[in-house]
Amino acid sequence: MREDAALEASSTVLSTLTEMKESGALKKFGKDAELTRRSVFPRELTQAGILNYESIGTPSVRDDAAFLGTTVLSTSAVAVVAGVTLPGDWGFFVPYLCAGISIAVLAIGSTAPGLLYFAIDKFSQVFPDYRERTLGHEAGHFLVAYLCGVPVTSYSLDMGKEHTDLVEHKLQRKIMKGKLEPSEVDLLAVLAMAGVAAEGMAYEEVVGQNADLMALQRILNRSEEKINNNTQQSITRWATWQSALLIKENKAEYEALKACMKERGSVTECMAAIESS
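260 is the number that the working numbering gives the last residue of the sequence shown; the numbers go up by one with no jumps.
Pasting the structure below:
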């Protein structure tokens, strides 16, 4: 029910924004809605502003490794201290318990890493670049969606949240209902990879792409065309390049949007920041 209400609200927003665009009140909403897929070479990603194109499409393990390493080191330290300082049986029980925790975390991390996602996501917030990465990442999604004519009804500065709301707002239907036409796949792929492109233009390693890659895979799985592995890689590269190009060509709008989002501005204020840049 809540998802249906959100979809209905986006339909109203889309109609309103479209009317405002047609009246000339909004000049940048939907101005880049027509996109054409083509083959993109790695060097073109660099020319578009991506710092390390080899990191695109490769899920980051930085946060995972840091979380697992910290868990093992901290439990080992506690075990050593407990074994030396605690009296009697406690001196044996606590070290064994700590060892069990480390083994359990490592086992889950190697067999079912998704179960640790919440803990790793929270742990990643200790990195000093977390807030800036998240801000730039989410601003990339917002800006590219706006330029492509997709109604944005809300945004979050919490990295790891799925952006299927943008996908469904563009389709005006649930993504699981029916197949996607090639033109829909192309546009939705760009929406999915916009955050990756934005982050890749600022950092060598793209930490926040795992959820976006999952969203992209969902889109490709719904394509009415059969897409093989090579085509999937080609679409991923093109969508990242196209998003980076839009952000690069609208740099002033992107910076204004980031400043507004950093102050937790409303969606209306964010759209005004884009239009006034």
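We treat Cβ as the ideally placed atom computed from N, Cα and C, and that holds for glycine. All values derive from a computational prediction rather than experimental measurement.
Take the alpha-carbon of Ala198 and the one of Ala175: they are about 6 Å apart. When C-beta atoms of the region 0 to 7 are compared with those of the region 108 to 127, fewer than three pairs fall below 8 Å, so the two segments do not count as touching.
Thr(-1) and Ile84 have their alpha carbons spaced roughly 54 Å apart. With a contact defined as Cβ atoms closer than 8 Å, Glu236 and Leu126 qualify at about 6 Å. The way I'd put it, the region 225 to 233 doesn't touch the region 206 to 215; fewer than three beta-carbon pairs between them come closer than 8 Å. Ranked by how close their Cα comes to the Cα of Trp221, the residues Asn35, Leu18 and Phe12 have Leu18 in first place. Residue burial is scored here from C-beta neighbours: Asp195 has at least 16 other C-beta atoms within 10 angstroms and is therefore classed as buried. Following the DSSP letters along the chain, one finds Thr136 in no alpha helix (DSSP H), marked with neither H nor E. According to DSSP, residue pairing for Leu163 in a beta bridge involves Ser206. If you draw a straight line from the Cα of Tyr113 to the Cα of Tyr186, it is about 12 Å long. Looking from the CA of Leu140, the closest CA among Leu240, Leu171 and Arg201 belongs to Leu240.
For Gln192, the secondary structure class from DSSP, reduced to helix, strand or coil, is coil. In this structure, Gly183 sits near Gly32, with a CB-CB distance shorter than 9 Å.
If the five residues before and after Arg20 are omitted, its C-beta is found closer than 6 Å to the C-beta atoms of Asp169 and Trp221, all from its own chain and listed in chain order. Inter-residue distance for Gly132 and Glu252 is about 17 Å (C-alpha atoms, whole angstroms).
DSSP places Tyr186 in no alpha helix (DSSP H); its state is neither H nor E.
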